[in-house]
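Worksheet: the structure to be examined is printed underneath.
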Amino acid sequence: EVQLVESGGGLVQPGGSLKLACTTSGFTFSGSAIHWVRQAAGRGPEWVGRIKNKPNNYATAYAASVKGRFAVSRDDSENTAYLQMNSLRSEDTAVYYCTRRLETSGAFVDYWGQGTLVTVSS
Amino acid sequence: DIVMTQSPLSLPVIPGEPASISCTSSQSLLHRNGYTCLAWYLQKPGQSPQLLISLVSNRASGVPDRFSGSGSGTDFTLKISRVEAEDVGVYYCMQDLQVPLTFGGGTKVEIK
Numbered sequence: 125e126v127q128l129v130e131s132g133g134g135l136v137q138p139g140g141s142l143k144l145a146c147t148t149s150g151f152t153f154s155g156s157a158i159h160w161v162r163q164a165a166g167r168g169p170e171w172v173g174r175i176k177n178k179p180n181n182y183a184t185a186y187a188a189s190v191k192g193r194f195a196v197s198r199d200d201s202e203n204t205a206y207l208q209m210n211s212l213r214s215e216d217t218a219v220y221y222c223t224r225r226l227e228t229s230g231a232f233v234d235y236w237g238q239g240t241l242v243t244v245s246s
Numbered sequence: 029d030i031v032m033t034q035s036p037l038s039l040p041v042i043p044g045e046p047a048s049i050s051c052t053s054s055q056s057l058l059h060r061n062g063y064t065c066l067a068w069y070l071q072k073p074g075q076s077p078q079l080l081i082s083l084v085s086n087r088a089s090g091v092p093d094r095f096s097g098s099g100s101g102t103d104f105t106l107k108i109s110r111v112e113a114e115d116v117g118v119y120y121c122m123q124d125l126q127v128p129l130t131f132g133g134g135t136k137v138e139i140k
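In order, the protein sequences belong to chains A and B. So for the first sequence, the working numbering puts the first residue at 125; every next one is plus one. So for the second sequence, the working numbering puts the first residue at 29; every next one is plus one.
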């Protein structure tokens, strides 16, 4: 069974940092890209960033709203991806999901984790 | 960025009746590999989004056949042939032709 489990969310002050983890199982992690998506309360999902796999040089990409503040990484030996969030702002408050996208032709985002809540507030 | 536009915003439905949601993209979602990169997700209350349809018309595993997707290029439709109570929630279309991945604004389906 494919599973993605986010952890590391919580309350942080503006300007602070937080590192989220996405622990996975049930599939070949090294064959997948991991995308992070967030959703503020009452709003639609917003793509945050992604990291591809080793054959694709672990290429990363970010939404304009987080570029320069957030960084995605992965540890294939641990089947885990990370989202390092720095210089957090109140508008970063949201549930953060990690999602899987296979690195094959015709791939698509299929599985989502249950999400972890990040609250940026003083 | 590719802009995804969904309609309607809200869709009250009677159980057993059909329902239809439209999604339009600001540019063609046809990839050079021949696939069209449009998916539909349903977010039930209190849950994370779940995949319903990938690549315009491919139902995900376990998705009932009352759900169907169609379209091409920039215009897409999700249809529910006979709505059931368990289908309530917010439906999103999403393009993953290119980053940033972008979502439609969502359609809230509720039972009349």
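Even for Gly, the Cβ is constructed at its ideal location relative to N, Cα and C.
The beta strand (DSSP E) runs of length 3 or more contained entirely in the region 55 to 134 of chain B are, from start to end of the chain, 66 to 71, 78 to 82, 95 to 100, 103 to 108, 117 to 123. Excluding sequence positions up to five before and after Ala218/A, its CB lies within less than 7 Å of the CB of Arg162, Gln163, Ala164, Val242, all in the same chain and listed in chain order. In terms of beta-carbon proximity, Val31/B stays away from the interface with chain A, with every pair separated by 9 Å or more. Phe194/A sits in a strand when the DSSP states are folded into three classes. The region 60 to 69 of chain B and the region 114 to 128 of chain B touch, with no fewer than 3 CB-CB distances between them shorter than 8 Å. For Pro128/B, the closest Cβ of chain A is nearer than 9 Å.
Closer than 7 Å at the C-beta level to chain B, one finds these residues of the region 176 to 201 of chain A: Ala185, Ala187.
Sequence-distant partners of Ser214/A (beyond 5 residues in either direction) whose C-beta falls short of 8 Å from its own C-beta, in its chain, are Pro138, Val244, Ser245.
The C-beta of Glu130/A has 16 or more other C-beta atoms within 10 Å across all chains shown, which makes the residue buried.
Relative to Ser189/A, the option among Met209/A, Trp236/A, Thr228/A whose CA is nearest is Met209/A.
In the DSSP annotation of this structure, the continuous segment of the beta strand (DSSP E) that includes Asp234/A starts and ends at 233 to 236. In chain order, Gly168, Pro169, Glu170, Trp171 make up the part of chain A whose C-beta sits under 8 Å from the C-beta of Phe131/B.
Residues of chain A whose Cβ lies closer than 8 Å to the Cβ of Tyr63/B are, in chain order, Ser229, Gly230. Within its own chain, the residues whose Cβ lies closer than 8 Å to the Cβ of Ser98/B, once the five positions on either side in sequence are excluded, are Val84, Ser85, Phe104, Thr105, Lys107, listed in chain order. For the pair Val126/A and Tyr235/A, the CB atoms are nearer than the 9 Å cut-off. Note: Arg224/A is bridge-paired with Ile158/A in the DSSP secondary-structure output. Any Cβ of chain A closer than 9 Å to the Cβ of Gln78/B would place that residue at the interface, and such an atom is present. Interface annotation, Val161/A: in contact with chain B, CB-CB separation under 9 Å.
According to DSSP, Val244/A shares a beta bridge with Val136/A. Looking only at Gly133/B, Leu129/B, Gly117/B, Glu112/B, the smallest Cα-Cα distance to Pro92/B is reached by Glu112/B. Taking the Cα of Asn203/A as reference, the smallest distance to any Cα among Lys191/A, Arg224/A, Ala183/A is reached at Arg224/A.
Listed along chain A are Phe232, Asp234, each with a C-beta nearer than 8 Å to that of Ser82/B. Straight across, the Cα-Cα distance linking Ala157/A with Thr228/A is about 10 Å.
In the DSSP assignment, the residues bridged to Gly173/A are Trp160/A, Tyr186/A.
Only residues of its own chain outside the window of five on either side were considered, and among them Met122, Gln123 have a CB closer than 8 Å to the CB of Leu129/B, listed in chain order.
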